[in-house]
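Residue numbers (full-length UniProt numbering): 1 to 316. Think of the CB as a built atom: it goes at the ideal place given N, C-alpha and C, for glycine as much as any other residue. None of the values given here were measured: they were computed from a predicted structure. Heads up: the structure comes next, in structure tokens.
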């Protein structure tokens with residue numbers, strides 16, 4: 001059943017840009033579960049799940065949507081025709097997928113529920129304090145104490161009414177200032193979210209896509225070399241993930257990372273870069289410590305070359 005639903009997904013898949021960096025490029029996210037499965041299983045682009053599973057007891061071990069794609073993975077998908085970009089800047093919302101909308105709706109409902117619970121707890125705490133205070137005052141039965149208590153009650157009542165009125169005015173003022181412009185939202189044509197909810201006008205959507213493309217074009221030369229290495233490894237049939245946890249640029253898997261460990265730890269270096277002995281020793285130790293084949297990857301004239309670094313067997 002899962003295979004048939006994934007095979008029916010049409011390309012390109014829309015991904016949402018979420019962050020831009022000059023040195024690391026633009027990160028993108030996928031909010032639909034079927035799209036995320038197709039990207040991982042069929043397109044061999046791994047990404048990283050970075051969301052949480054509601055009410056799950058082990059949220060640090062089991063993550064959920066959205067699927068976060070690195071800049072290199074995003075560019076790989078764009079160059080191969082797998083992805084089309086949608087700007088996800090806070091001020092440039094143009095299109096929202098069903099899963100995206102459900103995520104934000106649930107987040108808003110959860111925030112509202114927590115606010116109500118906090119207000120109830122504060123009310124209970126005030127009631128407990130007021131009860132203790134009244135018990136102490138009732139022990140003071142002289143005439144001056146009664147007058148003092150009545151005056152204090154009236155003052156508290158007036159203060160609360162004034163405070164409520166001010167708070168109500170501030171809420172109304174903030175609501176008027178922060179109320180967004182009305183938009184026309186059409187109903188989603190697919191429950192699986194393959195077609196996205198379109199907001200506002202087509203021109204606004206096209207402008208968001210152009211902004212996303214411009215962000216992809218502004219990046220450093222090193223990032224472009226990393227993209228070339230990732231594309232080459234992908235063409236060779238490897239599953240490729242980020243290698244930061246082992247001190248490399250990429251980790252290459254011969255099959256799905258759920259089945260096998262990474263076989264290669266790839267470090268990208270400039271073609272004209274002078275490698276000092278300390279750097280070579282560090283790369284060699286990296287491969288030895290992680291029990292992987294350490295590779296130095298360079299890009300020259302559009303061609304990717306690899307050099308393996310491995311220790312010879314030491315004497316006993």
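Which of helix, strand or coil DSSP assigns to residue i
i, result
"residue 297", "strand"
"residue 51", "strand"
"residue 71", "helix"
"residue 87", "strand"
"residue 265", "strand"
"residue 240", "strand"
"residue 303", "strand"
"residue 308", "strand"
"residue 39", "helix"
"residue 61", "coil"
"residue 9", "coil"
"residue 258", "coil"
"residue 46", "coil"
"residue 252", "strand"
"residue 15", "strand"
"residue 228", "helix"
"residue 198", "Because the pLDDT of residue 198 is 39, which lies under 50, any placement of that residue in the model is unreliable, and the question is left without a value."
"residue 143", "Bear in mind that a pLDDT of 49 at residue 143, under 50, signals an unreliable position, so the model cannot answer this."
Cβ shell of residue i (< 8 Å), same chain only, five flanking positions each side left out
i, result
"residue 270", "222, 225 and 298"
"residue 304", "228, 229, 232, 297 and 298"
Spatial distance of residue i from residue j (CA atoms)
i, j, result
"residue 37", "residue 286", "32 Å"
"residue 39", "residue 45", "6 Å"
"residue 242", "residue 73", "10 Å"
"residue 119", "residue 126", "11 Å"
"residue 87", "residue 111", "25 Å"
"residue 70", "residue 301", "24 Å"
"residue 79", "residue 231", "9 Å"
"residue 121", "residue 47", "41 Å"
"residue 85", "residue 117", "39 Å"
"residue 123", "residue 115", "12 Å"
"residue 106", "residue 113", "10 Å"
"residue 108", "residue 58", "23 Å"
"residue 311", "residue 290", "13 Å"
"residue 61", "residue 16", "25 Å"
"residue 251", "residue 102", "34 Å"
"residue 68", "residue 27", "7 Å"
"residue 320", "residue 235", "No information on residue 320 is available, as it lies outside the stretch 1 to 316 that the chain covers here."
"residue 245", "residue 130", "55 Å"
"residue 248", "residue 273", "17 Å"
"residue 128", "residue 77", "60 Å"
Contacting residues, own chain, Cβ-Cβ under 7 Å from residue i (five flanking each side not counted)
i, result
"residue 9", "34, 35, 38 and 194"
"residue 309", "280, 283, 284, 287, 294 and 296"
"residue 253", "238, 239, 260, 262 and 263"
"residue 64", "49, 51, 52 and 53"
"residue 66", "29, 30, 31, 50 and 51"
"residue 11", "81 and 82"
"residue 268", "225, 226, 229, 249 and 297"
Same chain, Cβ closer than 6 Å to residue i, neighbours up to 5 away in sequence not counted
i, result
"residue 306", "295 and 297"
"residue 13", "35 and 83"
"residue 191", "The predicted model places residue 191 with a pLDDT of 35, which falls under 50 and marks its position as unreliable, so this point remains unresolved."
"residue 201", "The predicted model places residue 201 with a pLDDT of 43, which falls under 50 and marks its position as unreliable, so this point remains unresolved."
Handout entry: Sufficient close CB pairs (3 or more, under 8 Å) joining the stretch 290-297 to the stretch 261-278
Key = yes
Exercise for the section: Examine the Cβ distances between the stretch 240-260 and the stretch 273-280 and report whether three or more of them are shorter than 8 Å. Expected result: Too few Cβ pairs lie closer than 8 Å, so no.
Problem - Uninterrupted alpha helix (DSSP H) stretches inside the stretch 270-295 (no shorter than 4 residues) - result: 277-290
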